[in-house]
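Residue numbers (UniProt numbering): 1 to 169.
1. Using DSSP with H/G/I as helix, E/B as strand and the rest coil, what is residue 91?
2. Inspect the beta-carbon positions of residue 66 and residue 144 and report whether they are closer than 8 angstroms.
3. Find the nearest neighbour of residue 112 within the set 92, 140, 137, 70, judged by alpha-carbon distance.
4. Return the first residue and the last residue of the alpha helix (DSSP H) that residue 86 is part of.
5. Quick check: the segment 48–62 against the segment 122–129, are there 3 or more CB pairs under 8 angstroms?
6. Taking the Cβ atom as the reference point for each residue, do residue 88 and residue 101 lie within a distance shorter than 8 angstroms?
7. Please report the distance separating the alpha-carbon of residue 52 from that of residue 22.
8. Shortest alpha-carbon distance to residue 126 belongs to which of 78, 93, 109, 46?
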């Protein structure tokens with residue numbers, strides 16, 4: 001009888017602990033997502049430009065459309081890259097098919113860049129004249145910071161040069 005009581009107490013304890021864990025795990029996921037969103041680039045832009053409620057509503061619509069377009073293009077790129085790298089296991093493959101797949105990937109990346117440009121253009125359209133100047137400054141700062149990161153040399157051969165194999169033709 002004492003063994004059964006001990007098992008029941010242990011069972012109740014485990015149920016309570018699991019319930020608390022699930023509550024904390026599932027209950028805090030919304031807070032975590034909101035914190036992550038508040039740290040994103042759009043919230044930074046909103047904060048810096050001091051958007052009003054009407055601008056915020058329009059920005060949310062613009063952002064939603066942009067996100068869906070970028071996800072679609074990103075999915076296309078992923079599928080194309082999967083197709084490209086699936087050819088690694090082929091015993092014989094056609095150079096033209098590799099070239100055409102990489103050309104399609106390049107076109108999709110171009111679409112991403114165009115989409116990003118028009119997204120920022122749409123955000124700029126929401127701004128008043130004072131906000132437009134601030135927005136221009138934010139974009140220029142972001143572009144210059146990004147450019148500096150990309151210009152750092154990659155040390156591959158000890159001399160600061162990055163050596164890549166020559167392209168096959």
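We put the beta carbon where it would ideally sit given N, CA and C, even for glycine.
In brief:
1. coil
2. no
3. 70
4. 53–86
5. yes
6. Against a cut-off of 8 angstroms, the Cβ pair of residue 101 and residue 88 comes out as no contact.
7. 38 angstroms
8. 46
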